[in-house]
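Reading through the structure tokens given below for one structure.
Protein chains: 2
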Amino acid sequence: MPATHHTASTPAADVLICEVGPRDGLQNIARCMPTAAKQAWIDALHGAGLREIEVGSFVPPALLPQMADCAEIVRHARSRPGLTVVALVPNLRGAEAALAAGVHKLTLPVSASTAHSLANVRKTPAQMLAELRSIAALRAERAPQVGIEVGLSTAFGCTLQGAVDEDEVVRLAELAVQAGADEVGLSDTTGMADPERVRRLFLRLRAAIGKHAGAAHLHNTRGLGLANCLAAWDAGVRTFDSSQGGLGGCPFAPGASGNVVTEDLVFMFESMGVATGVDLHGLAAARSALLAGLPGEAVYGMTVDAGLPPHFVYADGRRPPAHTLAGAGR
Amino acid sequence: MPATHHTASTPAADVLICEVGPRDGLQNIARCMPTAAKQAWIDALHGAGLREIEVGSFVPPALLPQMADCAEIVRHARSRPGLTVVALVPNLRGAEAALAAGVHKLTLPVSASTAHSLANVRKTPAQMLAELRSIAALRAERAPQVGIEVGLSTAFGCTLQGAVDEDEVVRLAELAVQAGADEVGLSDTTGMADPERVRRLFLRLRAAIGKHAGAAHLHNTRGLGLANCLAAWDAGVRTFDSSQGGLGGCPFAPGASGNVVTEDLVFMFESMGVATGVDLHGLAAARSALLAGLPGEAVYGMTVDAGLPPHFVYADGRRPPAHTLAGAGR
Chain A
1 MPATHHTAST PAADVLICEV GPRDGLQNIA RCMPTAAKQA WIDALHGAGL
51 REIEVGSFVP PALLPQMADC AEIVRHARSR PGLTVVALVP NLRGAEAALA
101 AGVHKLTLPV SASTAHSLAN VRKTPAQMLA ELRSIAALRA ERAPQVGIEV
151 GLSTAFGCTL QGAVDEDEVV RLAELAVQAG ADEVGLSDTT GMADPERVRR
201 LFLRLRAAIG KHAGAAHLHN TRGLGLANCL AAWDAGVRTF DSSQGGLGGC
251 PFAPGASGNV VTEDLVFMFE SMGVATGVDL HGLAAARSAL LAGLPGEAVY
301 GMTVDAGLPP HFVYADGRRP PAHTLAGAGR
Chain B
331 MPATHHTAST PAADVLICEV GPRDGLQNIA RCMPTAAKQA WIDALHGAGL
381 REIEVGSFVP PALLPQMADC AEIVRHARSR PGLTVVALVP NLRGAEAALA
431 AGVHKLTLPV SASTAHSLAN VRKTPAQMLA ELRSIAALRA ERAPQVGIEV
481 GLSTAFGCTL QGAVDEDEVV RLAELAVQAG ADEVGLSDTT GMADPERVRR
531 LFLRLRAAIG KHAGAAHLHN TRGLGLANCL AAWDAGVRTF DSSQGGLGGC
581 PFAPGASGNV VTEDLVFMFE SMGVATGVDL HGLAAARSAL LAGLPGEAVY
631 GMTVDAGLPP HFVYADGRRP PAHTLAGAGR
């Protein structure tokens with residue numbers, strides 16, 4: 001089952017925002033953030049009200065030296081009250097390490113595109129489902145309280161193979177649940193999603209696997225990130241992945257961030273009256289912590305650039321201490 | 331009635347995108363684009379498939395020297411086949427000049443915030459409605475085929491007075507129709523709209539004034555521009571104002587553009603299967619024309635930065651000539 005044992009202290013929120021910057025952001029940046037800086041950043045993110053953070057991935061350090069301290073980061077993050085600590089694992093070996101470190105939830109990427117799957121993890125989607133079955137067996141044996149999430153990569157299209165068949169995405173989601181996944185989310189790995197497709201595919205996902213339908217992991221490659229999140233919200237999605245400052249994956253020009261920017265996503269939902277439990281000035285402080293660990297790194301977010309509207313009120317009625325998001329860095 | 335006499339050659343489109351860069355963009359830039367460059371830019375925008383362009387505003391040249399050549403621009407734009415030539419007028423005097431120049435449609439800003447109205451046009455909203463009645467009488471006498479549009483500014487909030495009462499917005503829309511407006515649109519002048527409010531207010535607008543409900547003029551101040559356009563689309567809006575390169579109004583940092591970016595809006599709709607009639611490589615050529623007239627001007631747009639997805643297909647089945655939007659400038 002998804003990890004719910006530690007959510008008692010979570011403030012009431014209409015939507016769960018899972019911060020993926022420490023994993024998805026940092027693994028796309030060549031230099032390594034020092035361990036202490038990662039811990040300070042995660043503490044600040046938690047301090048801003050985030051209650052689910054993907055803190056790293058358990059991959060061989062030779063492949064991703066940025067993630068070499070993942071076990072230490074997991075152990076530290078577990079000390080934050082009410083925080084669901086998530087780590088990505090590409091295979092059974094990674095899952096063993098993640099369980100040993102004490103994660104609350106594992107997330108395994110399964111690509112809907114065979115071409116992408118082979119390029120990314122050197123396995124076919126069917127082989128990844130076999131890996132998932134092994135991981136679920138391990139979980140049942142060693143840590144039955146730990147959640148297993150599958151993120152279906154390239155669910156909205158693949159730059160390598162082109163269109164991705166929606167029936168195939170839904171079929172993979174069903175197979176993933178049968179193989180032991182508690183939640184299956186959809187990822188727009190290549191920034192090719194549009195609001196219609198997002199709405200349609202998440203509705204199909206929910207129709208197929210019901211309560212197992214998981215997070216929307218959407219990118220902002222061509223500026224559609226928030227519109228796609230809105231479409232997912234309309235389709236009933238209540239968990240969203242995003243990255244502070246749009247960190248990581250800026251393959252193009254300034255502004256063309258990879259992940260949806262956490263600050264802008266929080267601003268959109270709160271403006272709509274949808275409580276996130278996240279505080280924007282707290283996120284500004286976390287941004288400072290991030291930049292302290294990666295001086296000069298390019299971060300994005302139009303809400304931070306523009307500041308809050310002068311009469312902004314959070315969904316729960318709180319008023320921010322100031323219009324500006326001072327100290328937020330850029 | 332709205333100008334429809336010259337739409338016979340307009341290609342089939344599900345949505346009308348009104349390009350406001352030559353007015354809303356240029357009036358927010360200190361330097362003046364030369365008249366010939368404006369004409370070349372408008373020709374290129376028309377060449378890209380845009381069929382409604384707000385080409386300028388009829389205001390005293392002492393106030394806005396950038397718009398001093400508006401009559402000449404209108405006369406030139408009228409030569410483009412199938413193009414609806416729109417100009418902003420702040421008052422009766424401007425309307426006289428616009429009709430003399432031969433516009434197809436006038437647009438008059440009426441602010442829903444008294445504070446903003448006084449600051450912007452030194453008149454209360456009630457005084458602007460009186461101006462509208464005079465303009466409608468003039469139109470009936472001199473050019474009954476010309477359309478009159480009212481854009482309700484600060485419809486989603488005002489930085490000066492704070493919250494704007496939605497009942498007041500709807501009441502002003504009804505009064506504007508009674509005073510002679512053919513269409514009444516809603517403008518997020520201050521970048522304070524959110525998708526819920528956009529959806530709610532456009533639904534209320536349509537319920538109140540039916541077929542007179544007009545365009546969505548939305549800003550991208552905090553990154554919500556496209557999400558707000560999606561919300562307006564969901565509420566039945568089929569006319570959208572946007573600005574090439576997000577031109578004009580960049581009061582904050584890079585990326586924090588004012589208007590919704592035409593290129594990104596077109597990409598979003600076409601991706602959704604909603605035909606705009608606009609060609610993205612044509613828009614790239616128009617961007618070059620814009621930058622030829624304003625060398626070095628900052629322009630935005632993530633679709634241009636990222637290029638099209640490799641397997642992109644337009645809503646009508648056309649395939650673009652290339653993945654990149656080369657020559658688009660930045």
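From first to last, the protein sequence lines stand for chains A and B. FYI, the working numbering numbers position 180 of the first sequence as 180, with every residue one higher than the one before it. FYI, the working numbering numbers position 327 of the second sequence as 657, with every residue one higher than the one before it. The C-beta atom is built at its ideal place from N, Cα and C for all residues, glycine as well. Being a predicted model, the structure only gives us computed values, none of them experimental.
Which chain B residues are close to residue i, counting only those with a beta carbon under 9 Å from its beta carbon?
i	result
F267(A)	D524, R552, G553 and L554
CA-CA distance, residue i and residue j?
i	j	result
A658(B)	R469(B)	Because A658(B) carries a pLDDT of 49, less than 50, the predicted location of this residue cannot be relied on, and the following value inherits that uncertainty. Taking the straight line joining both Cα atoms gives about 40 Å.
A119(A)	V110(A)	12 Å
L265(A)	M272(A)	11 Å
S618(B)	R361(B)	18 Å
V20(A)	P90(A)	16 Å
G180(A)	H212(A)	11 Å
H434(B)	A473(B)	9 Å
A95(A)	C18(A)	20 Å
A506(B)	A537(B)	15 Å
A546(B)	S483(B)	11 Å
P352(B)	S243(A)	36 Å
I135(A)	P125(A)	15 Å
A100(A)	G566(B)	53 Å
M344(A)	V480(B)	With chain A covering 1 to 330 only, the question about residue 344(A) has no answer from this structure.
A227(A)	R410(B)	34 Å
T569(B)	R552(B)	22 Å
L280(A)	A315(A)	12 Å
P581(B)	G588(B)	Caution is warranted here: a pLDDT of 44 is assigned to P581(B), below 50, making its placement in the model unreliable, and no coordinate value can be reported.
L624(B)	E498(B)	40 Å
D518(B)	L548(B)	5 Å
A275(A)	W41(A)	23 Å
Q357(B)	V608(B)	24 Å
S117(A)	K123(A)	6 Å
V476(B)	L516(B)	20 Å
L203(A)	E166(A)	12 Å
D69(A)	T107(A)	18 Å
A71(A)	L64(A)	14 Å
F58(A)	G102(A)	12 Å
L502(B)	Q457(B)	12 Å
A614(B)	V634(B)	8 Å
If the cut is a Cβ gap below 8 Å, which residues of chain A does residue i touch?
i	result
I487(B)	Reading the sequence as shown, one finds Gly at residue 487(B) and not Ile. Within chain A, the residues near G487(B) are P309 and H311.
A493(B)	H311
D354(B)	What D354(B) touches in chain A: nothing, since even the nearest Cβ is about 18 Å away.
D594(B)	R222, G223 and L224
Can you tell which of the options has the C-alpha that lies nearest to the C-alpha of residue i?
i	options	result
P525(B)	V507(B), V629(B), W563(B) and G477(B)	W563(B)
R78(A)	R93(A), L64(A), R51(A) and F58(A)	R51(A)
G637(B)	D646(B), V629(B), T654(B) and G631(B)	T654(B)
R527(B)	G379(B), A561(B), L502(B) and I539(B)	A561(B)
L247(A)	R238(A), L224(A), N220(A) and V74(A)	N220(A)
D373(B)	S517(B), M598(B), I403(B) and F597(B)	I403(B)
V355(A)	Q127(A), W41(A), L205(A) and P320(A)	It is not possible to answer for residue 355(A), since the shown part of chain A is limited to 1 through 330.
R529(B)	T520(B), A493(B), A485(B) and G492(B)	A485(B)
P640(B)	H311(A), G225(A), A115(A) and T159(A)	T159(A)
R386(B)	A417(B), H406(B) and L393(B)	Reading off the sequence, residue 386(B) comes out as Gly, not Arg. That would be A417(B), whose Cα lies nearest to the Cα of G386(B).
A163(A)	F642(B), A398(B), L533(B) and L436(B)	F642(B)
A286(A)	P60(A), V15(A), D14(A) and A48(A)	A48(A)
A628(B)	G412(B), I359(B) and D354(B)	I359(B)
R405(B)	L459(B), A428(B) and V590(B)	A428(B)
Counting only beta-carbon atoms, is residue i nearer than 7 Å to chain D?
i	result
T519(B)	Note that chain D does not occur in the displayed structure, where the protein chains are A and B.
Using a Cβ cut-off of 8 Å, pull out every chain B residue sitting near residue i, in sequence order please.
i	result
L230(A)	P525, A557, L560 and A561
T303(A)	R552 and G553
Name the chain B residues whose beta carbon is nearer than 7 Å to that of residue i?
i	result
G273(A)	E526
| Going along the chain, which unbroken runs of the beta strand (DSSP E) with 3 or more residues stay wholly within the segment 57–99 of chain A? | 84–88
| said: For the pair the segment 30–45 of chain A and the segment 286–300 of chain A, tell me if three or more CB-CB distances fall below 8 Å. | reply: yes
| field | Ordered list of alpha helix (DSSP H) runs contained in the segment 238–293 of chain A, each at least 4 residues | value | 262–272 and 280–293
| query | Residue ranges of each alpha helix (DSSP H) run of no fewer than 4 residues wholly in the segment 444–508 of chain B, ordered along the chain? | reply | 444–451, 455–472 and 496–508
| field | 3 or more residues per run - each beta strand (DSSP E) lying fully within the segment 341–394 of chain B | value | 346–349 and 382–387
| At which residue ranges does the segment 503–572 of chain B contain complete beta strand (DSSP E) runs of 3 or more residues, listed in the order of the chain? | 513–517, 543–547 and 569–572
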